[in-house]
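Working notes for the structure below.
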Amino acid sequence: MVEQSPQNTASKSELLNKLKIDKALKQLPEGYSLGNLLMLCVSSLLLGSLLSYYFFAKDQSSRLASSNPVKSRLMTDDQQSNTTSSTSLPQSLVEARTSSSQTSHSQTSVSQTSRSQASGTEILLNASGYITARRMATVSSQVMGLIKRVNAEEGISVVKGQVLATLDDAIPKVSLQQAKAQLKSLSAQLESVKASMTEAALNYTRVKNNQYSSDAAKTLSLTNRKKANALVNQILAEINVATINVTRQQQLLEQYTIRAPFDGVVTMKNAQPGEIVSPGSAGGGFTRTGICTLVDMSSLEIEVDVNESYIGRVYPNQRVTASLDAYPDWSIPASVIAIIPTADRGKATVSVRIKIELRDKKILPDMGVKVAFLKAENEGSL
Numbered sequence: 001m002v003e004q005s006p007q008n009t010a011s012k013s014e015l016l017n018k019l020k021i022d023k024a025l026k027q028l029p030e031g032y033s034l035g036n037l038l039m040l041c042v043s044s045l046l047l048g049s050l051l052s053y054y055f056f057a058k059d060q061s062s063r064l065a066s067s068n069p070v071k072s073r074l075m076t077d078d079q080q081s082n083t084t085s086s087t088s089l090p091q092s093l094v095e096a097r098t099s100s101s102q103t104s105h106s107q108t109s110v111s112q113t114s115r116s117q118a119s120g121t122e123i124l125l126n127a128s129g130y131i132t133a134r135r136m137a138t139v140s141s142q143v144m145g146l147i148k149r150v151n152a153e154e155g156i157s158v159v160k161g162q163v164l165a166t167l168d169d170a171i172p173k174v175s176l177q178q179a180k181a182q183l184k185s186l187s188a189q190l191e192s193v194k195a196s197m198t199e200a201a202l203n204y205t206r207v208k209n210n211q212y213s214s215d216a217a218k219t220l221s222l223t224n225r226k227k228a229n230a231l232v233n234q235i236l237a238e239i240n241v242a243t244i245n246v247t248r249q250q251q252l253l254e255q256y257t258i259r260a261p262f263d264g265v266v267t268m269k270n271a272q273p274g275e276i277v278s279p280g281s282a283g284g285g286f287t288r289t290g291i292c293t294l295v296d297m298s299s300l301e302i303e304v305d306v307n308e309s310y311i312g313r314v315y316p317n318q319r320v321t322a323s324l325d326a327y328p329d330w331s332i333p334a335s336v337i338a339i340i341p342t343a344d345r346g347k348a349t350v351s352v353r354i355k356i357e358l359r360d361k362k363i364l365p366d367m368g369v370k371v372a373f374l375k376a377e378n379e380g381s382l
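Numbering follows the numbering used here, in which position 87 of the sequence shown is assigned residue number 87; successive positions increment by one, without gaps.
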């Protein structure tokens, strides 16, 4: 066994003394406790988390800025301006500015109202209606026939007397030629009868002046002269009838050519070549009753229905402002033509005709329109 020297024993005892825990050190300083230490640890963890989130968000914003520098610059400027405006202006100044803007807006509306009243444009009544045409016709034929050609197309302008369609006129042409031939035959007969009448007149004169003529010869010559005169009058009457027949056949032939009754615009084409047209509905569904629909655009006007409770606010020649539903920002000057002197019992309304003072191609039949009846300057309050 190896014996330990006294020096080694002393060094070991010193080392063991160093490893001992001093009880004085185990006591915490004054004012600190275990709860305080735990709160300090939790606070440190929260602070670390917040710092980590801040640096992470800053890194993300820097990446977005590098990918779209213009957008980020605009967002930054807007945020700065909003922040500056919100932080630099006091709340009282903001409220004052808001109240001043509201005051100016109310003053503007009041001034506009006063100007409208001063200029005599106060609205008494609003109503709605439609654009109507006073002259509109479905052009048809007076006779039944086969359509050969149609010259009418939607949207074209026509003048009075222009040919819109033609029908098969072979039969009326033959009838006209027959009437003319009969007239020519009667004219030839008239010449023959006139020659006979001249001979009868000469014979009567010779017999009358002859002293040796008997009474029977004188009577016969007088009778022959009267017969010749009667025959001439008969032929003249027949010629008159034949002339009327020729005129009738000419008019009948003209009916196979359909013409425009007035100036206007074709709005609808109702028939095609090869179809049969008839003035009535005879013939079933395969027979057309019209060639086209013609509208006189110069006769357009507005027709509205006004509630009978407010019809007292409307009078003839009253100024009206109209606006089409298709062009709501377009103000059209108009005036009242007449109030229809009857009421609709079912709707309790009265129809009013309104004249359009402006002519424009954009105004079309059956368009919806809203009208405002204006108050005159010298008109009292209703």
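Ideal Cβ placement from N, Cα and C applies to all residues, glycine included.
Can you tell me which of the options puts its alpha carbon nearest to the alpha carbon of residue i?
{"i": "Trp330", "options": "Asn240, Val371 and Leu220", "result": "Val371"}
{"i": "Gly274", "options": "Leu146, Ile123, Ser49 and Ala137", "result": "Leu146"}
{"i": "Thr247", "options": "Pro172, Ala230 and Ser192", "result": "Pro172"}
{"i": "Pro316", "options": "Val306, Asp325, Ala326 and Val336", "result": "Val336"}
{"i": "Asn394", "options": "Asp215, Ala348, Leu51 and Leu186", "result": "Here the chain covers residues 1 to 382 and nothing more, so residue 394 does not appear."}
{"i": "Gln250", "options": "Asn233, Leu40, Val232 and Ala170", "result": "Ala170"}
{"i": "Ala326", "options": "Gly346, Asp344 and Pro365", "result": "Pro365"}
{"i": "Met136", "options": "Gly264, Val320 and Gly346", "result": "Gly264"}
State the Cα-Cα distance for the pair residue i and residue j, rounded to the nearest angstrom.
{"i": "Gln318", "j": "Ile332", "result": "14 Å"}
{"i": "Leu222", "j": "Val207", "result": "9 Å"}
{"i": "Pro90", "j": "Lys355", "result": "Bear in mind that the predicted position of Pro90 carries a pLDDT of just 43, short of 50, making it unreliable; the figure below should be weighed with that in mind. Each residue's alpha carbon lies about 59 Å from the other."}
{"i": "Leu373", "j": "Arg313", "result": "Here the sequence assigns Phe to residue 373, which means Leu is not the residue at that position. Roughly 8 Å separates the two Cα atoms."}
{"i": "Leu45", "j": "Tyr53", "result": "12 Å"}
{"i": "Thr219", "j": "Gln211", "result": "14 Å"}
{"i": "Thr257", "j": "Leu167", "result": "6 Å"}
{"i": "Pro279", "j": "Gln189", "result": "40 Å"}
{"i": "Ala201", "j": "Val163", "result": "55 Å"}
{"i": "Pro341", "j": "Ile311", "result": "11 Å"}
{"i": "Pro328", "j": "Asn270", "result": "32 Å"}
{"i": "Ala242", "j": "Ile363", "result": "52 Å"}
{"i": "Leu51", "j": "Ser43", "result": "12 Å"}
{"i": "Met75", "j": "Phe55", "result": "Because the pLDDT at Met75 is just 44, under 50, the model does not fix this residue reliably, and the point stays unresolved."}
{"i": "Val320", "j": "Ile156", "result": "31 Å"}
{"i": "Ala237", "j": "Glu191", "result": "14 Å"}
{"i": "Val232", "j": "Gln272", "result": "52 Å"}
{"i": "Ala338", "j": "Lys148", "result": "44 Å"}
{"i": "Leu47", "j": "Leu37", "result": "15 Å"}
{"i": "Leu40", "j": "Ser49", "result": "14 Å"}
{"i": "Ala181", "j": "Ser213", "result": "44 Å"}
{"i": "Asp215", "j": "Glu199", "result": "19 Å"}
{"i": "Thr205", "j": "Lys226", "result": "13 Å"}
When the distance is taken between beta carbons, is residue j closer than 8 Å to residue i?
{"i": "Asn288", "j": "Ile276", "result": "The residue asked about is misnamed: residue 288 is Arg in this sequence, not Asn. Yes, the pair counts as a contact, with Cβ atoms nearer than the cut-off."}
{"i": "Glu308", "j": "Val350", "result": "yes"}
{"i": "Ser141", "j": "Val304", "result": "no"}
{"i": "Leu252", "j": "Val139", "result": "no"}
{"i": "Ala152", "j": "Ala165", "result": "yes"}
{"i": "Phe262", "j": "Lys361", "result": "no"}
{"i": "Ser193", "j": "Ile235", "result": "Rather than Ser, the amino acid found at residue 193 in this sequence is Val. A contact, by the Cβ cut-off of 8 Å."}
{"i": "Ala228", "j": "Ser196", "result": "yes"}
{"i": "Gln255", "j": "Val143", "result": "yes"}
{"i": "Leu124", "j": "Val306", "result": "no"}
{"i": "Met268", "j": "Glu154", "result": "yes"}
Since residue i and residue j should fall inside the 8 Å C-beta cutoff, what is the C-beta to C-beta distance between them, to a whole number of angstroms?
{"i": "Ile239", "j": "Leu176", "result": "That pair is no contact at about 17 Å."}
{"i": "Glu301", "j": "Arg353", "result": "6 Å"}
{"i": "Ser299", "j": "Ala133", "result": "5 Å"}
{"i": "Ala376", "j": "Glu357", "result": "No, Ala376 and Glu357 are not in contact; Cβ-Cβ is about 16 Å, not under 8 Å."}
{"i": "Ile291", "j": "Val158", "result": "About 12 Å separates the two Cβ atoms, so there is no contact after all."}
{"i": "Tyr130", "j": "Met367", "result": "7 Å"}
{"i": "Asn203", "j": "Asn224", "result": "7 Å"}
Report yes or no: is there a C-beta of chain C within less than 8 Å of the C-beta of residue i?
{"i": "Leu222", "result": "As a matter of chain content, chain C is missing from the structure shown, which is built from one protein chain."}
Among all the DSSP beta bridges, which residues are the ones paired with residue i?
{"i": "Tyr130", "result": "Glu303 and Gly368"}
{"i": "Arg288", "result": "Val277"}
{"i": "Leu51", "result": "Leu51 is not bridged to any residue."}
{"i": "Ser136", "result": "A small fix is needed here, since residue 136 is Met in this sequence, not Ser. Looking at the DSSP assignment, Met136 forms a beta bridge with Val295."}
{"i": "Ala338", "result": "Arg353"}
{"i": "Asp344", "result": "Thr349"}
{"i": "Gly155", "result": "Looking at the DSSP assignment, Gly155 forms no beta bridge with any residue, so it has no partner."}
{"i": "Ile258", "result": "Ala165"}
{"i": "Lys269", "result": "Cys292"}
{"i": "Gln322", "result": "Residue identity differs from the one stated: residue 322 is Ala in this sequence, not Gln. According to DSSP, which records beta bridges pairwise, Ala322 is partnered with Ile332 and Val371."}
{"i": "Val150", "result": "Ala165"}
Is residue i near the ligand NAD, judged by its Cβ being under 7 Å from some heavy atom?
{"i": "Ile131", "result": "Questions concerning the ligand NAD fall outside what the structure shown contains, since it holds no ligand whatsoever."}
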